[in-house]
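Be aware that the sequence shown starts at 93, since it is given in our numbering, and climbs by one per residue. A virtual CB, placed ideally from N, CA and C, is assigned to each residue, including glycine. Computed from a predicted structure; not experimentally measured. Below is one structure; the comments refer to it alone.
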Amino acid sequence: MAKAGEAADKHEDCGARPGKGTLIIIGGHEDKAHGREILKEVARRVRGGRLVIATVASHKPEGYFESYQEGFDGLDVGELLELYVEERAEASRQEKLELFDGAAGVFFSGGDQLRITSQIGDTPLEARIREVYEAGGVVAGTSAGASVMCETMLVSGHSRESYRIGDLQMAPGLGLVRGVIIDQHFAERGRIGRLLGAVAQNPRVLGIGIDEDTAIVLEGGQFQVIGNGAVYVADGAGITHSNIAEARRDEPLSLYGVRLHVLSRGDAFDLARRQPVSAETLEAGEGQRSDGRAV
């Protein structure tokens, strides 16, 4: 039984959906030619197995798969296959489903996140992807492929201006991550306003912004940062005022009491406790997850 006050401090419904796998959520433009830190992490978890590159988000996927063939060249990936779905009906075809036979991972490339959900959402193809994750595989996504991981995803909203209440549009995602909303290309496209707008609509949800060539590696209720940029966590649990329900759609957002964490390579974050864990603490073995285990 939870102790008095514990429910207010923990958000047990926040984190990766139940399963044995790992989610690698990338802010876009990951390095494919030099250090390849993020691609190496994907390959490390695939461990020589089959990796399916899902180019579903692109209306014109030519060149996407080839760029990942080059990016993963020489890394520990046994077989690289492409999944593309032109029409939703294809998501039930046997030849598409067989791509996932024995697959150790799936990698969603960038494009339009609505194209992913509209083409494969609630289809046998989506079920196969979940099977890979639940069996202990890795599901990675970059740019649009990052946003689609959530139960609710950002699909539009102006970036480089003050957030206007009527700008933001959201839609159901694939639901591999619960209790968070993710934005990508974060610092590069000035997306702090639209992420705060999303958090203001329901402060129960954590907002996570991920820079380019940066990723979070999420297992259970905790993620760790890899890559060359930063990750921003907007926690609205302490919001004391918001005008989002009363103001006109063309008015700017007014919001008090948001807590912002900025994390870089090696830092971790416990989603249930809503607490960061520094790289130094992890190296010293002093961190503890919300389930009581050491991190």
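{"Item": "I221 beta carbon less than 8 angstroms from that of V231", "Value": "yes"}
{"Item": "8 angstroms Cβ cutoff met for F200 and T244", "Value": "no"}
{"Item": "Simplified DSSP assignment, three categories, for T332", "Value": "coil"}
{"Item": "Same chain only: Cβ atoms within 7 angstroms of P295, ignoring 5 sequence neighbours per side", "Value": "G328, A329, I331"}
{"Item": "Among R357, P344, V144, A360, the one whose alpha carbon lies nearest that of A292", "Value": "P344"}
{"Item": "Same chain, Cβ closer than 8 angstroms to L260, five either side skipped, listed in chain order", "Value": "L246, S248, G249, R286, G289, A290, Q293"}
{"Item": "Limits of the unbroken beta strand (DSSP E) element including F199", "Value": "195-200"}
{"Item": "Beta strand (DSSP E) segments (min. 3 residues) lying fully within the stretch 263-306", "Value": "272-275, 298-302"}
{"Item": "H333 versus R366 - alpha carbon distance", "Value": "20 angstroms"}
{"Item": "CB contact below 8 angstroms: D305 versus chain D", "Value": "As a matter of chain content, chain D is missing from the structure shown, which is built from one protein chain."}
{"Item": "7 angstroms Cβ shell around Q276 - same chain, five flanking residues per side excluded", "Value": "G119, G120, S235, A238, S239, I302"}
{"Item": "Closest residue to R128 among G202, G319, A360 (Cα-Cα distance)", "Value": "G319"}
{"Item": "P153 - DSSP class collapsed to helix/strand/coil", "Value": "coil"}
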